[in-house]
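Asker: Here the sequence shown is numbered in this note's numbering, starting from 83 and rising by one per residue.
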Amino acid sequence: MSISQAITCKAVVCWGKGEPWKVEEIQVEPPKATEVRVKMLYASICHTDILISTGLPLPLFPRVLGHEGVGVVESVGDEVKEFKEGDIVIPTYIGECKKCENCTSEMANLCLKHPFTINGLMPDGSSRMSIRGQKLYHLFTCSTMAEYTVVDANYAVKVDPGIDLSLAGFLSCGYSSGFGAAWKEFKVEKGSSVAVFGLGAVGLGVVDGARVQGAGKIIGIDKNPYRKDKGEAFGMTDFINPDDEPNKSISELVKEMTHGTGVDYGFECTGVTSLLSEALEATKLGKGKVMAIGAANEAKVPLNFLAIALGRNLKGTIFGGIKTKSELPIILDKCKNKQLQVDQLLTHQVMLEDLDEAIKLLKQPDCVKDYYKILEVDYDATDEKIRLNYRKLALKWHPDKHNGDSAVTAKFQEINEAYTVLSDPDKRLDYDFTGIYEIDKYTLREYLARFKGMILTCNGLGISHTSMW
């Protein structure tokens, strides 16, 4: 058990339906018995955050946004056995008890004991966040766009600190939802054909999942021409920009690429409800399958009944069918081993205070992912701690161990420079410590004792797709 008190920190708050997001100072309470308080390191903006700030599905305000991210456990409740202080974790919005009907089934990932919730509160019906004495609503069970957040331990997954943590943050919703839809939900067959509607973070996850599964033809569909190169980097084989053929439907264009038959699998990743019928009609008669992944801003969906009556199937999914405790670690391991193209998502970086600038960047056609970065030095670090970390880095990156490689030598010199500054408290004020993270991200966890910070990552693909169609 950790003895902790309320913390005052920064967070992204939405005060009302359609109101601009603001960086505010909030209070985060200590974790209760089954909870952990997490110091967030990376937090991504997903299209769902945009929808929720418009009041969907429930207008609960003020609210701390964010449901994608990764952080380090700062304190734990006295009944928590799975985590300890210093563990790297991903907060999740679905749990996994591994015992209920759904958790023991291959057909579902929505735990019945630890359910997906939209009431903006912790499982006990209360909030752990407030602002100037007023209760703040969480987003699902996460609220990752805060320097600190509290989650129930059943809604967190431990992360190998050896993974690039900036990429781990991308895997907590959008990308994994797409990847899981192809890999887990539909189990795309080798040599099959796939059509992906919308090449945002979700759509690129589908493309990557279909590639890993061995799909023979992966058609990406997007009105943004910048997405063509990005889709190809993830494994897309063909690209359709509907604006290039305004007199033809998307389903017609897909069938022209597939000898008139359509594809085996369709994935609707934009949340634009009219595209569900197009996705169905783009698949094969009698056996085509369509997965609805994109978060929609409409409660009811118009469908072409004949498209379904002719033997096609439509299915929805939350988090791509992935079980958080048992299957998300598999994807994290694939990322660590560079089997996935997740690093292709990041394109921009801004500071947390520049929230408005980040929102503008999200709407730029070349934006895939951008993130805010805050690195605050802990000036009270002990000299012994500094020496131990320096020694570990210096031994790993000493040029003699790498045959005098010039790149390694440069990193070694940068480590020496950082150590020189760290050894002099007066110099710590003006030093840019970003390089130490770039030198060796594996040591990030150990450096948390000296550096405090948060990196807020924005998903530029997910925010503007509703205006593309």
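Heads up, the beta-carbon is just placed ideally off N, CA and C, and yes, glycines get one too.
Go ahead and pull the three-state DSSP assignment for phenylalanine 198.
Answerer: Along the sequence shown, one-based indexing puts residue 198 at 116. Phenylalanine 198 falls in the coil class under three-state DSSP.
Asker: In chain order, what residues of the same chain have a beta carbon less than 6 Å from the beta carbon of alanine 297, not counting five sequence neighbours either side?
Answerer: Residue mapping note: residue 297 aligns to position 215 of the sequence shown, counting from 1. Contacts found: Val270, Ser274 and Val276.
Asker: Would you check if the distance between the CB atom of methionine 211 and the CB atom of isoleucine 108 is smaller than 8 Å?
Answerer: Start at 1 with the first residue of the sequence shown, and residue 211 comes out as number 129. Start at 1 with the first residue of the sequence shown, and residue 108 comes out as number 26. Against a cut-off of 8 Å, the Cβ pair of isoleucine 108 and methionine 211 comes out as a contact.
Asker: If you count every other CB in all the chains shown that lies within 10 Å of the CB of phenylalanine 222, and 16 or more means buried, which is it?
Answerer: For the purposes of this step, residue 222 is taken as residue 140 along the sequence shown, with counting starting at 1. When all chains shown are included, phenylalanine 222 counts as buried.
Asker: Using the rule of at least 16 other Cβ atoms within 10 Å of the residue's Cβ for burial, across every protein chain shown, is glycine 403 buried or exposed?
Answerer: Your numbering for residue 403 matches position 321 in the sequence shown. Its Cβ being crowded by 16 or more others within 10 Å, glycine 403 is buried.
Asker: Along the alpha helix (DSSP H) that carries lysine 312, what are the first and last residues, could you check?
Answerer: Within the sequence shown, residue 312 is the residue found at index 230, counting from 1. Taken as a continuous stretch (DSSP letters only), the alpha helix (DSSP H) holding lysine 312 covers 309–316.
Asker: When burial is assigned at 16 or more other CB atoms within 10 Å of the CB, is leucine 357 buried or exposed?
Answerer: Residue 357 sits at position 275 when you count from the first residue of the sequence shown. Flag for leucine 357 reads buried.
Asker: What residue range is occupied by the uninterrupted beta strand (DSSP E) comprising isoleucine 300?
Answerer: For the purposes of this step, residue 300 is taken as the residue at position 218 of the sequence shown. Residues 299–303.
Asker: For threonine 130, name the three-state secondary structure that DSSP assigns.
Answerer: Taking the first residue of the sequence shown as 1, we reach residue 130 at position 48. Helix.
Asker: Does DSSP classify glycine 398 as helix, strand or coil?
Answerer: Walking along the sequence shown from the start, residue 398 turns up at place 316. Strand, per DSSP.
Asker: Between which residues of its own chain and alanine 88 is the CB-CB distance below 6 Å, once the five residues before and five after are set aside?
Answerer: Here the question's residue 88 lines up with position 6 in the sequence shown. Cβ neighbours of alanine 88 beyond the five flanking positions: Gln109 and Glu111.
Asker: Nearest CA to the CA of arginine 119: which residue from Asp290, Asp246 and Glu229?
Answerer: Numbered from 1 along the sequence shown, position 37 holds the residue referred to as residue 119. That would be Glu229, whose Cα lies nearest to the Cα of arginine 119.
Asker: Pull the bridge partners of tyrosine 230 from the DSSP assignment, please.
Answerer: Position 148 of the sequence shown, counted from the first residue, corresponds to residue 230. Paired residues: Lys121.
Asker: Which value, in whole angstroms, describes the spacing of the CA atoms of glycine 168 and isoleucine 441?
Answerer: On the sequence shown, residue 168 is found 86 positions in, with the first residue counted as 1. On the sequence shown, residue 441 is found 359 positions in, with the first residue counted as 1. Whole-angstrom Cα-Cα distance: 32 Å.
Asker: Ordered along the chain, which non-local residues of its own chain (more than five positions away) have a Cβ less than 7 Å from that of alanine 190?
Answerer: Residue numbering aside, residue 190 sits at position 108 when the sequence shown is read from its first letter. Counting only Cβ-Cβ distances below 7 Å, and skipping sequence neighbours, we find Asn184.
Asker: Can you give the Cα-Cα distance for glycine 177 and aspartate 160, rounded to whole angstroms?
Answerer: Your numbering for residue 177 matches position 95 in the sequence shown. Your numbering for residue 160 matches position 78 in the sequence shown. Answer to the nearest angstrom: the Cα atoms are 20 Å apart.
Asker: Measuring straight from C-alpha to C-alpha, what distance separates lysine 418 and proline 411?
Answerer: Against the sequence shown, residue 418 aligns to sequence position 336. Against the sequence shown, residue 411 aligns to sequence position 329. Approximately 10 Å, taken between the alpha carbons.
Asker: Along the beta strand (DSSP E) that carries isoleucine 89, what are the first and last residues, could you check?
Answerer: Counting from one through the sequence shown, the residue named residue 89 turns up at place 7. Taken as a continuous stretch (DSSP letters only), the beta strand (DSSP E) holding isoleucine 89 covers 89–96.
Asker: Nearest to isoleucine 172 by CA position, among Ala125, Ser157, Val146 and Ser187, is which residue?
Answerer: Here residue 172 refers to the residue found at position 90 of the sequence shown. The shortest Cα separation from isoleucine 172 among Ala125, Ser157, Val146 and Ser187 belongs to Ala125.
Asker: Please name the residue in Val424, His341 and Leu414 whose C-alpha comes closest to that of glycine 244.
Answerer: In the sequence shown, the residue the question calls residue 244 occupies position 162. The candidate whose alpha carbon is nearest that of glycine 244 is Leu414.
Asker: Taking all protein chains shown into account, decide if leucine 194 is buried (16 or more other Cβ within 10 angstroms of its Cβ) or exposed.
Answerer: Here the question's residue 194 lines up with position 112 in the sequence shown. Burial call: exposed.
Asker: Could you tell me the alpha carbon to alpha carbon distance between threonine 525 and valine 154, rounded to whole angstroms?
Answerer: By one-based count along the sequence shown, residue 525 stands at place 443. By one-based count along the sequence shown, residue 154 stands at place 72. Caution applies to threonine 525, whose pLDDT of 39 falls short of 50 and renders its modelled position unreliable; the model cannot decide the point.
Asker: Spatial neighbours of lysine 114 within its chain, please: CB distance less than 6 Å, with the 5 preceding and 5 following residues excluded, ordered by chain position.
Answerer: Residue 114 sits at position 32 when you count from the first residue of the sequence shown. Closer than 6 Å at Cβ, skipping near neighbours: Gly159.
Asker: Could you please give the first and the last residue of the uninterrupted beta strand (DSSP E) stretch that includes alanine 374?
Answerer: Numbered from its first residue, the sequence shown carries residue 374 at position 292. Element bounds for alanine 374: 371–374.
Asker: What are the partner residues of lysine 104, as DSSP defines its beta bridges?
Answerer: Numbered from 1 along the sequence shown, position 22 holds the residue referred to as residue 104. Its beta-bridge partners are Val95.
Asker: Using a Cβ-Cβ cutoff of less than 7 Å, which residues in the same chain neighbour valine 239 once the five nearest sequence positions on both sides are dropped?
Answerer: By one-based count along the sequence shown, residue 239 stands at place 157. Excluding positions up to five away in sequence, the list reads Val171, Ile172, Thr174, Thr406, Lys407, Leu410 and Pro411.
Asker: Could you give the first and the last residue of the continuous alpha helix (DSSP H) run that contains tyrosine 257?
Answerer: Numbered from 1 along the sequence shown, position 175 holds the residue referred to as residue 257. That run of the alpha helix (DSSP H) goes 256–262.
Asker: Considering only their Cβ atoms, is the gap separating valine 94 from glycine 137 smaller than 8 Å?
Answerer: Working through the sequence shown from its first residue, we reach residue 137 at position 55. Working through the sequence shown from its first residue, we reach residue 94 at position 12. No. Outside cutoff.
Asker: Around the C-beta of proline 552, are 16 or more other C-beta atoms found within 10 angstroms, so that it is buried, or is it exposed?
Answerer: In the structure displayed, the chain extends from 83 to 551; residue 552 sits before or after that span and is not available.
Asker: For alanine 374, count the other beta carbons within 10 Å of its own beta carbon; 16 or more makes it buried, fewer makes it exposed. Which is it?
Answerer: For the purposes of this step, residue 374 is taken as residue 292 along the sequence shown, with counting starting at 1. With 16 or more Cβ atoms within 10 Å of its Cβ, alanine 374 is classed as buried.
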